[in-house]
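What follows is a short report on a single structure.
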Amino acid sequence: MTSIYSSRWVLPITDSPIEKGAVAIADQSIVAVGARADVVAKFPEARVEDFGDAAIIPGLVNAHSHLELTVMRGFLEAEELDFFAWLRKLTIARLAMTADDLLVSASCGAIEAARAGVTCLGDASSAARQSMQALNTLGLRGIVFQESFGPDPKLANENLIKLRDQIDALRAFETDLVKTGVSPHAPYTVSAPQLAMISRLASDQKLPLMMHAAESEAERSFMVEGRGPFVDGLKARGIEWTAPGISTIQYLQRHGVLETRPLLAHCINVDDDDLTTIEESAAGIAHCPKSNAKLGHGRAPFAKFIAHGINVGLGSDSVASNNTCDILEEARFATLFARVSSMDFSLCNKPNESQTEVYATDALFAATRGGARALGLDDQIGALKPGMQADLAIVNLSGAHQTPVNDPANALIFSSSARDVILTMVAGKEIFRDNRVDAVDQDALQSKQGRIRAKLATVSLL
Ligand SMILES: [Zn+2]
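So for the sequence shown, our numbering puts the first residue at 14; every next one is plus one.
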C-alpha cells in the first residue's frame with residue numbers, strides 16, 4: 014500500500030525545495046518525491062494526507078547523544094563550569110544507576126528524540142544494551158557506540174577483552190535499524206595502547222568508532238603541556254602521563270584512530286592542520302554547539318568544517334549539558350555562532366578565516382544529510398528521494414512564532430524548534446504523531462525517571 018504525505022513545502026535536501034510537494038512511501042522506502050499533483054497522478058490508488066502549512070524534511074539526525082544520561086538533565090549545573098568536577102559527578106552518579114534505571118533513562122531520551130523529529134542517533138553509551146533496547150522499542154534508527162574507558166596502559170589488554178565481549182553480546186540486539194559501534198571515550202580517559210587496540214578491533218570487525226576529541230581547555234593542556242586537572246586526576250590514581258606535545262587530532266592519528274574513519278564529537282580546539290588531517294582521513298565530526306557553549310568550552314569552527322568538505326553532523330550531546338535534544342535548535346545555534354565574528358576560544362577563529370558565511374541551508378544539511386554522512390548511513394537516509402529509507406519529519410510552520418514564512422529553510426532554522434514537529438517516521442512507520450508516542454507509556458516512564466533522579470540526589474560524591 015502506498016501512502017502519500019503532502020504539505021506546503023517539501024525539502025528533499027539533495028534537491029531544491031518543492032512548493033505544494035508530496036512524498037510517496039511504500040513499505041519502508043520512499044518511492045516518489047515531487048509536486049503534489051504529479052505524485053498523486055503517479056499513484057492514483059494511494060492514501061493521500063495533507064499537512065497544510067508544514068515542511069516535510071528528511072528525519073533529523075542527532076549525531077552525538079548519550080540517551081542513558083537523560084535522567085541527569087539539569088543535575089550538574091552547579092559543576093558545569095569545572096569540567097573535571099562535572100565529569101566526576103556524572104561518573105559517580107552513573108555508577109549508582111541499575112540496568113533498569115539506565116533503560117528508563119535511555120527510553121525517556123528516545124521519547125524526546127522521537128518527539129523532536131529525530132529519526133537516527135549516534136549514541137555513546139556505557140550501557141549500550143539498554144540504549145539499543147530503548148531505540149528498538151521506540152522504533153528509532155541509530156548506531157549505539159559501546160564506551161570503553163581505561164587511562165592506565167597496563168590495563169589496556171584487559172579492557173579490550175572486556176569491550177570485545179560486550180560487542181559480541183550486543184550483536185544479538187542488532188536490527189535492521191540499530192547497529193553497534195565502539196567508543197574509546199576520550200584521549201584523557203583511554204590510554205594510547207588501548208586506543209590503538211580498539212582501533213584495530215573496529216577495523217577488523219568493521220565496527221563504526223566514535224570518540225570525544227578536542228573538546229576542552231583541560232584536554233588541550235593535558236595533551237600539549239602535560240598539566241591541568243586531567244593530569245592531576247591520573248597522578249592521584251598512580252598513573253604516569255607524559256604529554257605528547259601535540260594536538261588531540263595528531264595524537265589520534267599517531268595511535269591509529271583516524272584509520273577507522275571515526276566520528277569525532279566536538280573538535281573545538283582544532284587548527285587548520287588538524288582539519289586537513291580530519292579531511293584526509295575521511296573522519297566525520299559531530300558538531301555540538303549548545304553543549305560546547307553551556308559547558309563553557311568554546312565555539313567549534315563550523316564554517317571551516319564545511320569549507321574543508323568534512324562530513325559534519327549536529328549533536329545534542331547529553332541533555333546533562335544542553336538541556337534538550339532539539340536538532341532544529343542545535344542548527345540555529347550552529348548558524349548563529351558561526352556568524353559571530355570573534356577570536357575567542359577556537360584556534361581557528363582568526364580574522365582571516367576564509368569562509369565565514371553559514372546559511373540556514375548549511376545547518377539544515379548538517380542536521381540531516383551531514384549527520385547521515387558522518388554516521389556512514391547516507392546511502393539509506395538523510396535525503397528525500399526514491400530508493401531512500403522513509404525516514405522523515407513533518408514540521409508545522411503555521412505558528413504565531415513562524416508566520417509569515419518567507420523561506421521554508423530559514424523558517425525551520427530561525428523560527429522553529431522540536432516543539433513544532435508534528436510527525437516523525439522511521440522506515441515507513443509513524444513513531445510520533447498527534448502529540449503521542451504510542452510504543453511506550455511516557456507518563457509511567459517519566460515518573461520512574463523522577464524516582465531515579467531522587468535516588469541520584471542522595472548519592473555521596475566523596
Ligand atoms: Zn558526549
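C-beta: ideal position from N, C-alpha, C; glycine also.
In this text the structure is predicted, and so the values were computed from the model without any measurement.
- M401 sits in coil when the DSSP states are folded into three classes, being neither helix nor strand.
- When rounded, the separation of the alpha-carbon atoms in A431 and F445 is 12 Å.
- Residue pairing by DSSP places M223 opposite L276 in a beta bridge.
- Straight-line measurement puts the Cα of K219 at about 13 Å from the Cα of R177.
- Within the same chain, L80, A147, L148, L151 and L153 come within 7 Å of A123 by CB-CB distance, once the 5 residues on both sides are set aside.
- A contact is defined here as three or more CB-CB pairs under 8 Å, and the region 297-305 meets this definition with respect to the region 337-347.
- Per the CB criterion, closer than 7 Å to any heavy atom of ligand 1, the qualifying residues run in chain order as H77, H79, A137, H225, A278, D330 and S331.
- The beta carbons of M224 and P275 sit about 6 Å from each other, so the pair counts as a contact at 8 Å.
- Out of R267, T261, T289 and D286, the CA that lies nearest to the CA of A278 is found in T261.
- Contact holds between the region 324-340 and the region 67-77, because three or more Cβ pairs, one in each stretch, are under 8 Å apart.
- For T132, the three-state secondary structure derived from DSSP is strand.
- Take the alpha-carbon of A140 and the one of Q41: they are about 29 Å apart.
- Fully enclosed beta strand (DSSP E) runs of no fewer than 3 residues occupy 191-197 and 223-226 of the region 180-244, in order along the chain.
- With respect to the 8 Å criterion, E160 and S204 are not classified as neighbours on the basis of their beta carbons.
- Here S429 is buried. Its C-beta has 16 or more other C-beta atoms within 10 Å.
- In this structure, the CA atom of A470 is about 11 Å from the CA atom of L89.
- S331 is classed as buried because its beta carbon has at least 16 other beta carbons within 10 Å across all chains shown.
- Where I105 is concerned, there is no enclosing beta strand (DSSP E), although the alpha helix (DSSP H) around it starts and stops at F96 to L108.
- One alpha carbon belongs to P25, the other to S118, and they sit about 33 Å apart.
- For L271, the closest alpha carbon among the candidates P257, D287 and N282 is that of D287.
- At the C-beta level, V418 and I70 stay beyond 8 Å of one another.
- Here DSSP, grouped into helix, strand and coil, assigns T255 to coil.
- Under DSSP, the beta-bridge partners assigned to E160 are S196.
- Counting along the chain, A141 sits inside the alpha helix (DSSP H) bounded by residues A141 to L151.
- At the C-beta level, G311 and I281 come within 8 Å of one another.
- Within its own chain, the residues whose Cβ lies closer than 7 Å to the Cβ of A387, once the five positions on either side in sequence are excluded, are A76, L276, G297, I298, A299, N324, V325 and G326, listed in chain order.
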